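Residue numbers (full-length UniProt numbering): 1 to 104.
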């Protein structure tokens, strides 16, 4: 279901089928990147990608489940960061594996 601002809502599905957090984005990848930043971060991107976690996002209003490999890592904040930002930030990345359709 597309909102008036063009964004769609995606619900994070656990392995047992329960749905927890809602992420929004104009594309599934945008929502998956937001979800990836909530993972436990590794020390570097190389270590994080080696330990990728599968995440499943169901698009609200449909039976589509978008499946991604996701990983997160910590990095130094940019030099021109605002005062409120901490010195270390979490970054994330995803790789799409496919789409499944629910039978429910």
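Every residue gets a Cβ at the ideal spot worked out from N, C-alpha and C, and that includes glycine. No experiment lies behind these values; they were computed from the predicted model shown.
Checklist entry - When we look at the beta-carbon of residue 125 and count the other beta-carbons within 10 Å, is it buried (16 or more) or exposed? => result A question about residue 125 goes unanswered here, because the residues of the chain that appear run from 1 up to 104.
Item to check | Bridge-paired residues (DSSP) for residue 59 | outcome: The residue you call residue 59 lines up with position 59 of the chain shown. Beta-bridge pairing links residue 59 to 10.
Checklist entry - At which residue ranges does the UniProt region "Disordered" (32–57) contain complete alpha helix (DSSP H) runs of 4 or more residues, listed in the order of the chain? => result DSSP runs (the alpha helix (DSSP H)) wholly in the UniProt region "Disordered" (32–57): 45–50.
Next on the checklist: Quick check on residue 82: buried or exposed, where buried means 16 or more other Cβ atoms within 10 Å of its Cβ?
Outcome noted: One-based indexing of the chain shown puts residue 82 at position 82. Exposure of residue 82 is indicated by the presence of fewer than 16 other C-beta atoms within 10 angstroms of its C-beta.
Next on the checklist: Would residue 11 and residue 60 be called neighbours here (beta carbons separated by less than 8 Å)?
Outcome noted: Within the chain shown, residue 11 is the residue found at index 11, counting from 1. Within the chain shown, residue 60 is the residue found at index 60, counting from 1. Their beta carbons are under 8 Å apart, which means residue 11 touches residue 60 by this criterion.
Next on the checklist: Check for me: the beta strand (DSSP E) holding residue 98 runs from which residue to which?
Outcome noted: The residue labelled residue 98 in the question sits at position 98 within the chain shown. Residues 88–101.
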